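Asks: Residue numbers (my numbering): 2 to 213. Think of the CB as a built atom: it goes at the ideal place given N, C-alpha and C, for glycine as much as any other residue. The structure presented is a predicted model; accordingly, all values stated were derived computationally and were not measured. Below: one structure in structure tokens.
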Amino acid sequence: DILAGGTDTTSTTIEWAMAELMNNPDVMMKAQKELSDVVGLNTMIEESHTPKLKYVEAVVKETLRLHPAVPLLVPRSPAQSSTVGGYTIPENSKIFINVWSIQRDPSIWDNPLEFRPERFLDDDDENNERCDFKGNYFHYLPFGSGRRVCAGVPLAERMLTYLLASLLHSFDWKLPLGEKIDMSETFVIALRRTKPLFGIPSPRLVNSNLYM
2 DILAGGTDTT STTIEWAMAE LMNNPDVMMK AQKELSDVVG LNTMIEESHT PKLKYVEAVV
62 KETLRLHPAV PLLVPRSPAQ SSTVGGYTIP ENSKIFINVW SIQRDPSIWD NPLEFRPERF
122 LDDDDENNER CDFKGNYFHY LPFGSGRRVC AGVPLAERML TYLLASLLHS FDWKLPLGEK
182 IDMSETFVIA LRRTKPLFGI PSPRLVNSNL YM
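Here you go:
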């Protein structure tokens, strides 16, 4: 379960990110411009570059907002009955937190169904500074919160940005001619796409030897 949880959620998130980027080519161009400025087109990306890739990091955050790998968090069970928001929560009941719904709530997020990484960069956006992966801001909980927060957060935080940046830096991506992306979802271990994503890569780097 630990291995499946770590690999499945990471690969699923990358697939969702690529689907959103191919659906929003202007966003992909912004991410690739950042990569060109930070890394350059004569070298491969390294992990040391990732702290400077603020826009790519925002793409990852926005992907996890719209497509949290685990849409229902590990259930909680209250030790005693309590009332929350006018609802009585009985003792020992199982409570599931619907992160998918919270992170698409129009009372919290401006245009919640729009894929807009800038919402995590705007200086005037109150969500910007608080939306990290630690789970302290209850409007954004892609990895859970509290003692049951995902144990793989430090690894995921590094790997998701690095993997996505590697794909965008090394290749340009487009859809097969005439195809449209099906964004429907299905839930297995993680919140996957109903249909696999097919993209056509073309080399982007100047030095072709880097692909050898």
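Report the three-state DSSP secondary structure of residue 121 (helix, strand or coil).
Replies: Taking the sequence shown and counting its residues from 1, one reaches residue 121 at position 120. If DSSP states are grouped into helix, strand and coil, residue 121 belongs with the helices.
Asks: Output the distance between the C-alpha atoms of residue 86 and residue 138, rounded to the nearest integer angstrom.
Replies: For the purposes of this step, residue 86 is identified with residue 85 of the sequence shown, where counting begins at 1. For the purposes of this step, residue 138 is identified with residue 137 of the sequence shown, where counting begins at 1. Rounded to the nearest angstrom, the two C-alpha atoms are 18 Å apart.
Asks: Please check the pair residue 145 and residue 74, which I expect to be a contact at CB under 8 Å, by giving their CB distance rounded to whole angstroms.
Replies: The count along the sequence shown starts at 1 and reaches residue 145 at position 144. The count along the sequence shown starts at 1 and reaches residue 74 at position 73. Yes, residue 145 and residue 74 are in contact; Cβ-Cβ is about 5 Å, under 8 Å.
Asks: Note down the Cα distance separating residue 18 from residue 97, rounded to an integer number of angstroms.
Replies: On the sequence shown, position 17 is the one that residue 18 refers to. On the sequence shown, position 96 is the one that residue 97 refers to. Distance between the alpha carbons of residue 18 and residue 97: 26 Å.
Asks: Decide if the stretch 153 to 167 is in contact with the stretch 108 to 123; the criterion is three or more beta carbon pairs, one per stretch, under 8 Å apart.
Replies: No, the stretch 153 to 167 does not touch the stretch 108 to 123.
Asks: Is it true that the stretch 98 to 113 meets the stretch 174 to 181, where meeting means three or more beta-carbon pairs spaced less than 8 Å apart?
Replies: No, because fewer than three Cβ pairs between the stretch 98 to 113 and the stretch 174 to 181 fall closer than 8 Å, the two stretches do not touch.
Asks: Does DSSP classify residue 207 as helix, strand or coil?
Replies: Walking along the sequence shown from the start, residue 207 turns up at place 206. Of the three classes helix, strand and coil, the one that applies to residue 207 here is coil, per DSSP.
Asks: Residue 93: which of 99, 108, 76 sits nearest, CA to CA?
Replies: Start at 1 with the first residue of the sequence shown, and residue 93 comes out as number 92. Answer by Cα proximity: 76.
Asks: Taking just the CA atoms, how far does residue 22 sit from residue 84?
Replies: For the purposes of this step, residue 84 is identified with residue 83 of the sequence shown, where counting begins at 1. For the purposes of this step, residue 22 is identified with residue 21 of the sequence shown, where counting begins at 1. Each residue's Cα considered, the two are about 42 Å apart.
Asks: Sorted by chain position, which residues of the same chain lie with C-beta nearer than 6 Å to residue 183's C-beta, five sequence neighbours on each side aside?
Replies: Here residue 183 refers to the residue found at position 182 when the sequence shown is read from its first residue. 196.
Asks: Around the Cβ of residue 81, are there at least 16 other Cβ atoms within 10 angstroms (buried) or fewer (exposed)?
Replies: Translated into positions along the sequence shown, residue 81 becomes position 80. Answer is exposed; the Cβ neighbour count stays below 16.
Asks: Taking the alpha-carbon positions, what's the residue 110 to residue 207 distance?
Replies: Within the sequence shown, numbered from 1, the residue matching residue 110 stands at position 109. Within the sequence shown, numbered from 1, the residue matching residue 207 stands at position 206. One C-alpha to the other measures close to 40 Å.
Asks: On the DSSP bridge list, what partners appear for residue 186?
Replies: Numbered from its first residue, the sequence shown carries residue 186 at position 185. Partner(s): 194.
Asks: State the Cα-Cα distance for the pair residue 186 and residue 71, rounded to the nearest angstrom.
Replies: Residue 186 sits at position 185 when you count from the first residue of the sequence shown. Residue 71 sits at position 70 when you count from the first residue of the sequence shown. When rounded, the distance between both Cα atoms is 12 Å.
Asks: By DSSP, does residue 73 sit in helix, in strand, or in coil?
Replies: Within the sequence shown, numbered from 1, the residue matching residue 73 stands at position 72. If DSSP states are grouped into helix, strand and coil, residue 73 belongs with the strands.
Asks: In angstroms, rounded to a whole number, what distance separates the CA positions of residue 131 and residue 62?
Replies: Residue 131 sits at position 130 when you count from the first residue of the sequence shown. Residue 62 sits at position 61 when you count from the first residue of the sequence shown. Roughly 12 Å between the two C-alpha positions.
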